[in-house]
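Okay, structure first, notes after.
Next comes the structure, spelled out in structure tokens:
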């Protein structure tokens, strides 16, 4: 099993911004990183008028788009449902990964780093989630000793925590 680490926070806290800064640091350490992002929107990966969109609208599912640069698989769910991380991981090729980062799925049970900005006046998540192993905040906050406090503005520090303490790489 590939280690899975989530980033949990309220919308607008900066999960994607942090991940965009964090992933290159982890890649520089030769880690192969996969990512699963939970979207609350009815997103479209292909566009109306494109062949893939028309084929999917005709009833094909899954539809795989491939080129010399990338592959995308679009699968329609038979009924609208909230995704479950464990089920989504079954469809995620982990064979060449060292770490899977997850943005969202904050109510699911797996290790997570909570991102918190006191200026947003939102509650912390860790009291109600035993899976939170660290809190990254842009200001020092009071947290239990069992949790690690990280600087939200220091992706290098967060990367070191992930590799050394979470993954056990020295």
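Numbering (the numbering used here), first residue to last: 13 to 182. C-beta atoms are modelled at their ideal positions from N, C-alpha and C, and glycine is treated no differently.
query, result
"Alpha carbon to alpha carbon, how far is residue 52 from residue 92? Give it in angstroms, no decimals.", "12 Å"
"Does DSSP put residue 106 in a helix, a strand or coil?", "coil"
"In the DSSP assignment, what are the bridge partners of residue 19?", "115 and 125"
"Looking only at its chain, what residues have a beta carbon closer than 8 Å to the beta carbon of residue 189, apart from the 5 residues adjacent to it on each side?", "This structure cannot speak to residue 189, because the chain is shown only from 13 to 182."
"With DSSP as the reference, please indicate the residues paired to residue 161 in a beta bridge.", "147"
"Roughly how far, in whole angstroms, is the beta-carbon of residue 31 from the beta-carbon of residue 115, given that I think they are within contact range, below 8 Å?", "6 Å"
"Measuring only the C-alpha atoms, how far is residue 46 from residue 70?", "31 Å"
"Could you check the C-alpha separation between residue 80 and residue 182 for me, to the nearest Å?", "36 Å"
"Helix, strand or coil for residue 57? Go by DSSP, reduced to three states.", "coil"
"Can you tell me whether residue 62 is buried or exposed? The criterion is at least 16 other CB atoms within 10 Å of its CB, across all chains shown.", "exposed"
"Just tell me which of 160, 43 and 151 has its CA closest to the CA of residue 132.", "151"
"Alpha carbon to alpha carbon, how far is residue 84 from residue 167?", "29 Å"
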